[in-house]
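Okay, so here's the structure we're looking at.
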Amino acid sequence: MTQAEEQKRQPHLAKAPILAASGLVKNFGGLTAVDNAAIEVGQGSITGLIGPNGAGKTTLFNLLSNFIRPDRGRVIFDGEPIQQLQPHQIAQMGMVRTFQVARVLSRLSVMENMLLGAQKQTGENFWNVWLQPKQVIEEEKQLRERAMRILESVGLVHMAGAYAGALSGGQRKLLEMGRALMTDPKLILLDEPAAGVNPTLIGQICDRILAWNREGMSFLIIEHNMDVIMSLCDRIWVLAEGRNLADGTPVEIQKNAQVLEAYLGQ
Ligand SMILES: Nc1ncnc2c1ncn2[C@@H]1O[C@H](COP(=O)(O)OP(=O)(O)O)[C@@H](O)[C@H]1O
Ligand SMILES: [Mg+2]
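Counting along the sequence shown from 1, when you hit position 220 you're at 220 in UniProt numbering, and nothing is skipped either side.
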């Protein structure tokens, strides 16, 4: 296939990547969890990150979003170096992430959790509450409507008024994903979105990811469920022992002998 044909098949390859990291290193005491790793997420792509348990995938996510500072390496998001930024500043730029074990506020309702995900609310500025109550009320109404639409799409609309603590593990993952979407991000990093989620919901999550992707959102997904990875991703990066083992299309990765060996050796 020529380069032009390849670009036609995967148009995002023609553009600069939305996220590009290289030379990332993270040591925990004597253990090198991430060892000179690189990754790229094409603009508009759904990119997979796979590897055996303990390969350093979650740590790599933490480095990309600056939840943990790397010992070395650089991360470019949407054309800007982001190493010096705080996670909330990175989120404001349009990169949000979910956690392997979903972090929701159990004693708040599902709707309240969703509203906390929204940024740039006029009401967040104290004086606006006094000066522009109408606008604040209108904005909150719009946020609630947006939250309900997103909750509907992740199958949680019937739980909107329930405590988040009453949700199952799988439902918490869906809520966390929904909350991330409240910010209308450019890129979402999902850490094992299908883990602990029942098969019907997994199918629904995949459909939603594809729909959001068609609207222009890019994804980087860590997942052990190979059906999910292979059906969603246009490109897959494989990490083993903190290092890049391979990257390629799902078909290339499925027949890569080193990748198979890394998994069988687990
Ligand atoms: N905060 C930490 N302190 C010490 N070791 C850690 C920490 N986080 C991760 N590790 C270790 O780093 C390695 C990679 O972990 P992780 O990134 O969670 O892998 P994966 O997500 O691929 O399963 C593991 O050996 C893990 O025990
Ligand atoms: Mg992990």
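Beta carbons are placed, not taken as given, at the ideal position from N, Cα and C, and that holds for glycine.
Contact check, Leu-24 vs Gly-79 under 8 Å by CB: the rounded distance? Here residue 24 refers to the residue found at position 24 of the sequence shown. Here residue 79 refers to the residue found at position 79 of the sequence shown. Not quite, the Cβ-Cβ distance comes to about 19 Å (not below 8 Å), so this is no contact.
Considering only heavy atoms of ligand 1, does any lie closer than 7 Å to the CB of Gly-54? Mapped onto the sequence shown, residue 54 falls at position 54. Gly-54: yes, Cβ under 7 Å from ligand 1.
Out of Leu-167, Gln-254, Ala-37 and Gly-178, state which residue places its alpha-carbon closest to the alpha-carbon of Leu-151. If you number the sequence shown from 1, residue 151 lands on position 151. Each of Leu-167, Gln-254, Ala-37 and Gly-178 was checked against the Cα of Leu-151, and the nearest Cα belongs to Gly-178.
I'd like to confirm something about Thr-58: is its beta-carbon nearer than 7 Å to some heavy atom of ligand 2, or not? For the purposes of this step, residue 58 is taken as the residue at position 58 of the sequence shown. At least one heavy atom of ligand 2 is nearer than 7 Å to the Cβ of Thr-58, so yes.
Uninterrupted alpha helix (DSSP H) stretches inside the segment 63 to 116 (no shorter than 4 residues): Fully enclosed alpha helix (DSSP H) runs of 4 or longer: 87 to 93.
Quick one: give me the first and last residue of the alpha helix (DSSP H) that Thr-200 is part of. Stepping through the sequence shown from its first residue, residue 200 is reached at position 200. Bounds of the alpha helix (DSSP H) holding Thr-200 are 199 to 214.
Using 8 Å for Cβ pairs, my map puts Ile-229 next to Ile-50. What's the rounded Cβ distance? Indexing the sequence shown from 1 puts residue 229 at position 229. Indexing the sequence shown from 1 puts residue 50 at position 50. About 6 Å separates the beta carbons of Ile-229 and Ile-50, which is inside the 8 Å limit, making them a contact pair.
For the putative contact between Val-96 and Pro-185, defined by C-beta atoms under 8 Å, what is the C-beta separation to the nearest angstrom? For the purposes of this step, residue 96 is identified with residue 96 of the sequence shown, where counting begins at 1. For the purposes of this step, residue 185 is identified with residue 185 of the sequence shown, where counting begins at 1. Under the criterion of beta carbons closer than 8 Å, Val-96 and Pro-185 qualify as touching, at roughly 5 Å.
Tell me, to the nearest whole angstrom, how far the beta carbon of Gly-242 is from that of Gly-94; I am working on the premise that it is less than 8 Å. What you label residue 242 is simply residue 242 of the sequence shown in a count that begins at 1. What you label residue 94 is simply residue 94 of the sequence shown in a count that begins at 1. The Cβ separation is near 27 Å, so there is no contact.
Verify the contact flag: Asp-35, CB atom, against every heavy atom of ligand 2, threshold strictly below 7 Å. As a first step, residue 35 must be located in the sequence shown, where it is residue number 35. No.
Could you tell me the boundaries of the alpha helix (DSSP H) in which Asp-227 lies? Here residue 227 is taken as the residue at index 227 of the sequence shown, counted from 1. 226 to 232 is the extent of the alpha helix (DSSP H) around Asp-227.
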